[in-house]
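The structure appears below as structure tokens.
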Amino acid sequence: MLSLNILKVLNRITLDFKNEGLASPRLDAEVLLANYLKTDRSGLYTKFERLITDEELNGILSWVERRQKGESVAYIVGKKEFWSLIFQVNSTVLVPRPETELLVEEVLKTCLGLDDRDISILEVGTGSGAISVAIASELKRIRVVATDVSAEVIKLAGKNAENNGVADKISFLCGSLFEPVSGKFDIIVSNPPYISEEEFDRLPLEVRDFEPKEALIAGPEGTEFHYNLIVEGSRYLKFGGWLCMEMGAGQKAVVESMFRENKTYDNVSFRADYAGIDRVVMAQKAVSSEQ
Ligand code: SAM
Ligand code: GLN
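Here is the structure:
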């Protein structure tokens, strides 16, 4: 076998990915190679001449093949950065998305407006734990309850809370929607499944064939979870508390009318993501509402 160094392998993988039409061939190649060799991307650049053994090459090529079949880099290397923190991911959880950082930002802004006391937050559908862990990493006096319908998911989320040093601030509960929850919260946050059954078939292969369907599909409309969170969530919010949710393209009008019809919320507002899609909705439980 010819002796191959890091630079040659990197260039070769990049070229293959480029020819396959991947969107970010060089970045993907660097992240895969760096992780396989247990270094970081800058580590590759300082060791371009280092030789790759046959055994390493076989391992790297099996990762390259997985990427070529559509699996995301995050699942292959088993981790993803979110809010500058590292989260372990596997096929039971959605890979946290950059847009979801907007939801974290909105929750943190809302916390600034609350009294200076222990703030209680409920997250429904925590997945990797990205949202709860990010919020808990920013606030000292905070109590978070994070739920998910899958026990396996909850286990991974707990590990991510531990790895990021916030396990003492978050209680993880397994169950559907509000079923495992009691008490009232200052904020309820959720990035629920919001893909409609029809939209699902049009998702990129990387998402459709590799990410858990239970994390994506909401039902025929795509807004079924939002409806349940709005209607049931009100009972778990303190007066003046906030419900903050992520949503998908084209869902603004439906979600807005759900809040208006419900009548227990005020101050409905939206925030668009960097692509101009209304991505986050927030509403406040009216102080005068009966629930
Ligand atoms: N919060 C994570 C994030 O933002 O990356 C994951 C969001 S993912 C879109 C939705 C999550 O909701 C999944 O982890 C899924 O398992 C969970 N889920 C689905 N149905 C649920 C239900 N009925 N009750 C609670 N969680 C549910
Ligand atoms: N934003 C995700 C996607 O790209 C969908 C996540 C969700 O359903 N909450 O498919």
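Numbering (the numbering used here), first residue to last: 1336 to 1626. Don't be surprised by glycine CBs; every beta carbon is placed ideally from N, CA and C. All of these numbers come straight from a predicted model, not from anything done at the bench.
Asked                                                                                                                                                                                : Found
Using the rule of at least 16 other Cβ atoms within 10 Å of the residue's Cβ for burial, across every protein chain shown, is serine 1511 buried or exposed?                         : exposed
Can we count glutamate 1581 as close to the ligand GLN, meaning its CB is less than 7 Å from some heavy atom?                                                                        : yes
Which value, in whole angstroms, describes the spacing of the CA atoms of proline 1431 and alanine 1496?                                                                             : 14 Å
Return the chain-ordered list of same chain residues with a C-beta closer than 8 Å to the C-beta of asparagine 1340, the five sequence neighbours on each side being excluded.       : Phe1383, Glu1384, Arg1385, Leu1386 and Ile1387
Taking 7 Å as the cut-off, is the CB of glycine 1460 close to at least one heavy atom of the ligand SAM?                                                                             : yes
Glutamate 1559 to alanine 1553, Cα distance in whole Å?                                                                                                                              : 6 Å
Are the CB atoms of aspartate 1363 and valine 1408 within a distance shorter than 8 Å?                                                                                               : yes
Leaving aside the five residues before and after alanine 1621 along the sequence, list all residues of the same chain whose C-beta is less than 7 Å from its C-beta, in chain order. : Thr1599, Tyr1600 and Asp1601
Return the residue from the list Phe1520, Gly1518 and Pro1555 that minimises the CA-CA distance to aspartate 1536.                                                                   : Pro1555
Excluding five sequence neighbours on each side, which residues of the same chain lie with their C-beta closer than 7 Å to the C-beta of isoleucine 1612?                            : Ala1584
For isoleucine 1454, collect the residues of the same chain with a Cβ closer than 6 Å to its Cβ; drop the 5 residues on either side in sequence, then sort them by chain order.      : Cys1446, Ile1477 and Asp1521
With a threshold of 6 Å on Cβ separation, who are the neighbours of serine 1338 within its own chain once the five nearest residues in sequence on each side are excluded?           : Leu1386
Which residue marks the beginning of the beta strand (DSSP E) containing valine 1459, and which one marks its end?                                                                   : 1454-1459
The ligand SAM and glutamate 1549: does the residue's C-beta get closer than 7 Å to at least one heavy atom of that ligand?                                                          : yes
Whose C-beta lies closer than 6 Å to the C-beta of glutamate 1546 among residues of the same chain, with five residues either side of it excluded?                                   : Leu1429
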